[in-house]
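Chains P and F supply the protein sequences, listed in that same order.
What the first sequence shows, in my numbering, is residues 1008 to 1350, in sequence order.
What the second sequence shows, in my numbering, is residues 1008 to 1350, in sequence order.
Quick reminder that beta carbons are idealized off the backbone N, C-alpha and C, glycines included.
Number of protein chains: 2
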Amino acid sequence: MRYVARNRPFIVRQGADHFPARQNWNAKYLQEVMRDQTVNVAITPHGNADSIVRLPDGEGMLFVKPYETEMPFSTVLQHIQDNERRSKSTLSPTTTDNAKAETTPKAEEGESRKLVYYAQTQNDNLRSEYASLFSDIPSSIRFASIALDAEPEAINFWLGSSLSITAFHKDNYENIYVQILGQKHFVLLPPVEGVCVNERAVLGATYAPVGREQREKGQDGTGEDVELEVEELHLQIDTPQTYTPFPTHDPSLPSSSTSISHHHYNPTLFSSLSQPIKVTLEEGDMLYLPALWYHKVSQSCNDEGLCCAVNYWYDLDFGGGFWSTAGFVRGIGIMSLGDKGED
Amino acid sequence: MRYVARNRPFIVRQGADHFPARQNWNAKYLQEVMRDQTVNVAITPHGNADSIVRLPDGEGMLFVKPYETEMPFSTVLQHIQDNERRSKSTLSPTTTDNAKAETTPKAEEGESRKLVYYAQTQNDNLRSEYASLFSDIPSSIRFASIALDAEPEAINFWLGSSLSITAFHKDNYENIYVQILGQKHFVLLPPVEGVCVNERAVLGATYAPVGREQREKGQDGTGEDVELEVEELHLQIDTPQTYTPFPTHDPSLPSSSTSISHHHYNPTLFSSLSQPIKVTLEEGDMLYLPALWYHKVSQSCNDEGLCCAVNYWYDLDFGGGFWSTAGFVRGIGIMSLGDKGED
């Protein structure tokens, strides 16, 4: 409760070691339990779900959402393990940071056409499409429910490879994040650093498949499973046009970095004052990620080529001054920049 | 803890009924226990300790502090009871609100020369000059120490009459305020309403006695007690000159009020948006007054002509974003006014 009151993060190391998931979950078990159940998967060319993509030749930027489709869980699992094998074979172990997700679209032509798969629907999926796995985790975290005076609004399952990066963003939720397989690497910024990430209303676009869509019979012969074979994605600007407020600058990257990336653009007068907190969640660790904290998340896989986590989202407390003053401070920050922070 | 986290006040009605002070304290008991102990007393012409006084003819305003001196407790008690008798004889019962404290210095000539006495040193006096009374109250409030994760920094004794008013101000403390005798009438504004009270750096002044100072022998013949006979006070600007940030507008007064008072001056663009909370503490009630809330306090006496309270101050939590964002919001408010809010 003191950490919630202060809006400050903490980690309980090994706090989730007693979750049955920690003992049970591995590639074989997940496949057996989920079998051919159809699940949602986010597909991107670079592992860049919900991110900023900088258009070539100074034509601005887009807020890019992944191509979302449904396929049997076993297919998703296979794709993710394939992704991780590709990651291992093409990248040296020392480059498992953010650089690979920051390739600009211009560089796309030169890259492998292989796409990146991430099971990451954040719609309470552990009580819907992943309900078969729900008995392996507690339905509620007792200390969190006491501190936050609430039961979870959503409980989510995340399965991906080290190719996927979640760009800096904030959520209007209190978050308990639990690592089950592999590692998650968080970079955290408090809400007051909104002025450092240069949050801007950015035109929305969504990845969409290019080429043939191939409908195949399900493996069990019922013909009800649908598998979409996607070979290439291109960006489509959403219609009607929408603008989403989103961080456009990543202050956690060293300014001396030689890699050219859109994340190095668009700093504000205050970006150099940012003091990012970097933490790694090991298997069994729990992170309290307070509401409105900006977080960037990358991941490392276990020996089976999997990174798997669950998280619990709770309503934030709108009853005090936190929500309104955080918004006021963010708004004043944006106002203070005028157009100086624009790309 | 939830209320502290939200920075929101509450009252525990009859929460202090078990304090021995509630049974023990009355004029006779206080006089017996304190006997001729010397105590600090704040003396003002209008009951206006720590307040804004508007100078005549548009010559600005002063932040005024009371004349502080020491005298035997029995003398202070007598003065306070005399004050209350005067209050009863010259004011109708329906005017026991703030109006009487808002007399401008210009009106002073026409008033009685009788001064207003208030025992209100806020320096942990219950563990120093009023230590003889300390055993009548708990040395710690258990729920508060748990919620605030602290023991009291200061525990104060307050004894005054209905002639004394404490003007709107804020304290950098968490506060548990406990009414023992009579009533306290609080008007409360959250920290975000700093822009409504038009907090300004105001030139400091202190009341000082006019005329003879008469040194008398103590009643017990030891000759060590000092009694200062004060007949009239005048304002002296502090040297060196100091400027204290202090609310210069009282948004809780009805704008339709016909009384001319400095508190009606100096509104800001936002003053009319203020939503004051008015609560009365009855004998035995406890108020949690959160850190940085503006509060104005007036009082009503019991049948013996006394209003007596104790309060517990706790360090506020500087560990989260509250302190810094509250200061930022207040600062932006002042900046936004420019000179428009100046008198």
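- Note on geometry: alpha-carbon atoms of Q1190 of chain F and L1296 of chain F lie some 16 Å from one another.
- DSSP, read as helix, strand or coil, puts M1342 of chain P in helix.
- Taking C-beta separations shorter than 6 Å and ignoring five residues to either side along the sequence, the partners of Y1184 of chain P in its chain run L1294, L1296 and N1318, following chain order.
- Its Cα nearest to that of T1128 of chain F, the residue F:N1047 stands out among F:R1207, F:D1156, F:F1080 and F:N1047.
- Under DSSP, N1163 of chain P takes part in a beta bridge, and its partners are P:N1318.
- Sequence-distant Cβ neighbours of Q1038 of chain P in its own chain, meaning closer than 8 Å and more than five residues away, are F1080, S1081 and L1084.
- Identification of chain P residues near G1338 of chain F by a Cβ-Cβ cut-off of 7 Å yields none; the smallest Cβ-Cβ distance measures about 10 Å.
- The shortest CA-to-CA distance from E1206 of chain P to any of P:T1251, P:T1213, P:W1165 and P:N1182 is the one to P:T1251.
- Contact between L1240 of chain F and P1216 of chain F holds: CB atoms are separated by about 6 Å, below the 8 Å threshold.
- Proximity to F1026 of chain P across P:P1145, P:F1329, P:G1345 and P:N1130 peaks at P:P1145, based on C-alpha coordinates.
- The beta carbon of A1012 of chain P falls within 8 Å of a beta carbon belonging to chain F, placing the residue at that interface.
- When Cβ pairs closer than 8 Å are counted between the two stretches, the region 1277-1291 of chain F is seen to touch the region 1018-1025 of chain F, the count reaching three or more.
- Y1184 of chain P carries a strand assignment under DSSP once its states are collapsed to helix, strand and coil.
- The three-state reading of DSSP puts N1047 of chain P in strand, counting E and B together.
- Taking 8 Å as the cut-off, the beta carbon of C1315 of chain F is found no closer than this to the beta carbon of E1091 of chain F.
- Rounded to the nearest angstrom, the gap between the Cα atoms of E1158 of chain F and S1142 of chain P is 44 Å.
- Sequence-distant partners of L1210 of chain P (beyond 5 residues in either direction) whose C-beta falls short of 7 Å from its own C-beta, in its chain, are L1069, F1070, I1244, Q1248 and Y1250.
- P1197, P1198 and V1199: these are the residues of the region 1170-1201 of chain P whose beta carbon lies less than 9 Å from some beta carbon of chain F, given in chain order.
- Residue-level contact by beta carbon holds for T1332 of chain F and chain P, with a gap shorter than 8 Å.
- DSSP, reduced to helix, strand and coil, places T1332 of chain P within a helical segment of the structure shown.
- Residue contact check for F1070 of chain P against chain F: no CB pair falls below 8 Å.
- Among the bridge pairs identified by DSSP, P1252 of chain P is matched with P:A1208.
- Interface annotation, F1335 of chain P: in contact with chain F, CB-CB separation under 8 Å.
- Close partners of D1324 of chain P in chain F (Cβ separation under 9 Å): R1009, A1012 and R1013.
- For V1019 of chain F, the enclosing beta strand (DSSP E) stretches over residues F1017 to V1019.
- For P1027 of chain F, the enclosing alpha helix (DSSP H) starts and ends at P1027 to N1031.
- Residue-level contact by beta carbon holds for D1156 of chain F and chain P, with a gap shorter than 8 Å.
- Residue pairing of I1244 of chain P in beta bridges, as defined by DSSP: P:A1212.
- Distance between R1134 of chain F and C1203 of chain F, taken at the CA atoms: about 36 Å.
- Bounds of the alpha helix (DSSP H) holding E1039 of chain P are A1034 to M1041.
- With respect to Q1088 of chain F, A1034 of chain F sits close: the two C-beta atoms are nearer than 8 Å.
- With a cutoff of 8 Å on beta-carbon distance, T1255 of chain P and L1344 of chain P are scored as not near each other.
- Close CB contacts of E1077 of chain F within its chain, under the 6 Å cut and outside five residues either way in sequence, are with T1045 and N1047 (chain order).
- With fewer than 16 other Cβ atoms from the protein chains shown falling within 10 Å of its own Cβ, I1153 of chain P counts as exposed.
- Taking a beta-carbon distance threshold of 8 Å, G1327 of chain P counts as an interface residue toward chain F.
- In terms of Cβ geometry, L1313 of chain P and Y1180 of chain P do not form a close pair [threshold 8 Å].
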